[in-house]
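*Asks:* A single structure is presented below for examination.
Residue numbers (this note's numbering): 3 to 612.
Structural data, given as structure tokens:
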């Protein structure tokens, strides 16, 4: 030392070392004489040689007294370097901390105490967390609180006191906790501390009975504790889960609000319920007989937390999640999680919920609709899983527009009229034609169009569903009549579409169309249409005639004219036969000039009969 000030600083540095090596008797600590040489060398040759001032004294004091380092195995110079570097970074960024050495001491001691309290024994964790705490201190020294109470504390320290016990592997309730490596703990802690820095109220304020941070961690590990012990999650999955929870809570603390849901009267945080739904789907209870699906976990967590709860951090989000996860929705997860399929289902449900907010309080009705639609498709034998989301979308869309008409929510197990209609439509579509006959092979979009025609009719005439398979009988009549047409002259879909619309309209205007005749298997509509096609495509078998009458716009006009003529008649079999004779007369006149339109032919006949 060259002057009195340096001598005083040197004496204080030596005093710190000797006090640490030879503690007072009343402390109950044994001497550490084996450390003396190493500590003197490091303190004088490293610390004081580079920082012969108050800063050097702060570093020595922090390394020896406040870090909680266990020197039982000797002095660790690398560890001391890490602590010194972290402290110097903090002091360089916030020089005013030199005037507040107690604040630094409290932070470092707080980190050490938090690690000790959490019983985290991983080597190397202490310097990592101290460095992390001091780096945050350097960038956010303004977050030191409680100075007026004489015990200044930093929010970072408070946060660590809440974070580390949650990450600890110690759990006295027999439920597992993941063992956290130093790198893993650092990554998770860094994510959490970043949120604390951005949102100090996470630790300073209250959510329910605790801080938001504590609630978040409690919710996360409560959900994880339900995972069967034999299905422990990987560190990567755990890290992703907690990060997603952080993002969800950061986006909306509302996810930590406690609610009852789906018949469970116990109040639990929305986020906890979302995690519970996801984990229960992936890891079903043993007594259910269902196999675990761990390969789905990451995809489902990303979607449930990163998509659904991020956009709907409320009961609606839980309803949406429940819909894509409940077992009876017939979604096939064997090939992995299909996000596009889930999006379709969620969009359909959102449409219904937005139009009928009351469905939020009756989520079981939505599940029943989706489950019943899925079952209807499965029972039909139509093996097109890609059709299901569109069927669900269409059913929910019409349900939302006509809820009171289609579904009685007061019933314990309400019968949904559109589900019943769908069953009949799919049954008619799935049935095979008679041997040697043809039947239109419909695309998914064409099936959807047929369902729309049917749903429109059901909305107008809900009593049809109460009758004996009226919808099926109408569709069956249309399909069976088309079997009369040779497979070489297959009619386009637009003819089928128009014929269905006309048949539905005719049936609504005259009940005799759906009355059974001849046998118990055939209704008047089928008799009429089959014989119409017999007249058009069999009895008038000339190639040119069939080619002209088989044009979509021509056959459509002819069908409409035919059905309208029956509507204006008594509607019995005799009347139908009479109209068929008239159609033959029309076609005979048409053959004279096939370039004419139906209206022109009819006008010609009227003039001839005038």
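The C-beta atom is built at its ideal place from N, Cα and C for all residues, glycine as well.
In this text the structure is predicted, and so the values were computed from the model without any measurement.
Nearest by alpha-carbon distance to residue 567: which of 582, 556 and 553 is it?
*Replies:* 582
*Asks:* Could you please give the first and the last residue of the uninterrupted beta strand (DSSP E) stretch that includes residue 371?
*Replies:* Careful: residue 371 lies outside any beta strand (DSSP E), inside the alpha helix (DSSP H) at 365-382.
*Asks:* Quickly, what does DSSP pair residue 107 with across the bridge? List them, please.
*Replies:* Assignment of beta-bridge partners to residue 107 by DSSP yields no partner.
*Asks:* Exposed or buried, residue 148, counting other C-beta atoms within 10 Å across all chains shown (16 or more means buried)?
*Replies:* Only weak support exists for where residue 148 lies, its pLDDT of 47 falling under 50; the value from the coordinates is given anyway. Exposed.
*Asks:* Hey, how far is the Cα of residue 1 from the Cα of residue 296?
*Replies:* Past the boundaries of the shown model lies residue 1; the chain is included only from 3 to 612, so the question cannot be answered.
*Asks:* Looking at C-beta atoms only, is the number of pairs between the region 281-300 and the region 342-349 that lie closer than 8 Å three or more?
*Replies:* no
*Asks:* Whose C-alpha, out of 441, 87 and 83, is nearest the C-alpha of residue 41?
*Replies:* When each option's Cα is compared against that of residue 41, the closest is 83.
*Asks:* Between 226, 163, 451 and 417, which has its C-alpha nearest residue 239's C-alpha?
*Replies:* Relative to the Cα of residue 239, the nearest Cα in the group 226, 163, 451 and 417 belongs to 226.
*Asks:* Can you tell me the Cα-Cα spacing of residue 66 and residue 250, whole angstroms?
*Replies:* 41 Å
*Asks:* Which of the three DSSP states, helix, strand or coil, is assigned to residue 156?
*Replies:* strand
*Asks:* Taking residue 208 as part of the beta strand (DSSP E), name the residues at either end of that continuous run.
*Replies:* Run containing residue 208: none; DSSP gives neither H nor E here.
*Asks:* Please list, in chain order, all residues of the same chain as residue 279 whose beta carbon is under 8 Å from its beta carbon, the five residues on each side excluded.
*Replies:* 306, 320, 323, 324 and 327
*Asks:* Please state whether the Cβ-Cβ distance between residue 2 and residue 485 is less than 8 Å.
*Replies:* Since the first and last residues shown for the chain are 3 and 612, residue 2 lies out of range.
*Asks:* Residue 535 bridges to which residues according to DSSP?
*Replies:* Partner(s): none; residue 535 has no beta bridge.
*Asks:* When you compare only the Cα positions, how much space is there between residue 57 and residue 304?
*Replies:* Between residue 57 and residue 304, the C-alpha separation is close to 47 Å.
*Asks:* For residue 454 and residue 469, I'd like the C-alpha separation in whole angstroms.
*Replies:* 20 Å
*Asks:* Nearest-angstrom Cα distance between residue 38 and residue 121?
*Replies:* Going by the C-alpha atoms only, they are around 29 Å apart.
*Asks:* Among 341, 48 and 362, which one has its Cα closest to the Cα of residue 87?
*Replies:* Out of 341, 48 and 362, 48 has the C-alpha closest to the C-alpha of residue 87.
*Asks:* Check whether the region 214-226 touches the region 186-193, taking contact to mean three or more Cβ pairs, one atom from each stretch, closer than 8 Å.
*Replies:* Not touching, per the Cβ criterion.
*Asks:* Between 195, 137 and 130, which has its C-alpha nearest residue 160's C-alpha?
*Replies:* If you compare the alpha carbons of 195, 137 and 130 with that of residue 160, the shortest gap goes to 195.
*Asks:* Whose C-alpha, out of 5, 356 and 511, is nearest the C-alpha of residue 399?
*Replies:* 356
*Asks:* Which of the three DSSP states, helix, strand or coil, is assigned to residue 150?
*Replies:* Caution applies to residue 150, whose pLDDT of 44 falls short of 50 and renders its modelled position unreliable; the model cannot decide the point.
*Asks:* With respect to the beta strand (DSSP E) encompassing residue 261, which residues constitute its N-terminal and C-terminal limits?
*Replies:* 260-263
*Asks:* Got a sec? Which residues, its chain only, sit under 6 Å from residue 515 by beta carbon, not counting five neighbours each side?
*Replies:* 508, 509, 526 and 527
*Asks:* Can you check the region 322-360 for any alpha helix (DSSP H) of at least 4 residues that lies completely inside it and give the ranges in chain order?
*Replies:* 341-357
*Asks:* Rounding to the nearest angstrom, what Cα-Cα distance links residue 151 and residue 206 in this structure?
*Replies:* Because residue 151 sits at a pLDDT of 46, beneath the cut-off of 50, its placement in the model cannot be relied upon, and the point is left open.
*Asks:* Consult DSSP for residue 20 and reduce its assignment to one of helix, strand or coil.
*Replies:* Helix.
*Asks:* By the DSSP assignment, the alpha helix (DSSP H) with residue 555 in it spans what residues?
*Replies:* 554-569
*Asks:* Leaving aside the five residues before and after residue 573 along the sequence, list all residues of the same chain whose C-beta is less than 8 Å from its C-beta, in chain order.
*Replies:* 512, 514, 515 and 526
*Asks:* Report yes if the CB atom of residue 202 is closer than 8 Å to the CB atom of residue 256, and no otherwise.
*Replies:* no
*Asks:* Roughly how many angstroms separate the alpha carbons of residue 176 and residue 242, rounded to a whole number?
*Replies:* Confidence in residue 176 is poor, its pLDDT being 47 and thus under 50, which makes the residue's placement unreliable; the coordinate value appears in the next sentence. Roughly 24 Å separates the two Cα atoms.
*Asks:* Given this structure, state the Cα-to-Cα distance separating residue 381 from residue 593, to the nearest angstrom.
*Replies:* 47 Å
*Asks:* Quick one: residues in its chain with C-beta nearer than 7 Å to the C-beta of residue 487, no 5 flanking neighbours on either side, listed in chain order?
*Replies:* 493, 535 and 539
*Asks:* Out of curiosity, what's the CA-to-CA distance linking residue 385 and residue 473?
*Replies:* 22 Å
*Asks:* Once you ignore the five residues that flank residue 246 on each side, which residues in its own chain have a CB closer than 8 Å to its CB?
*Replies:* Counting only Cβ-Cβ distances below 8 Å, and skipping sequence neighbours, we find 303, 304, 307 and 308.
*Asks:* Which value, in whole angstroms, describes the spacing of the CA atoms of residue 331 and residue 377?
*Replies:* 8 Å
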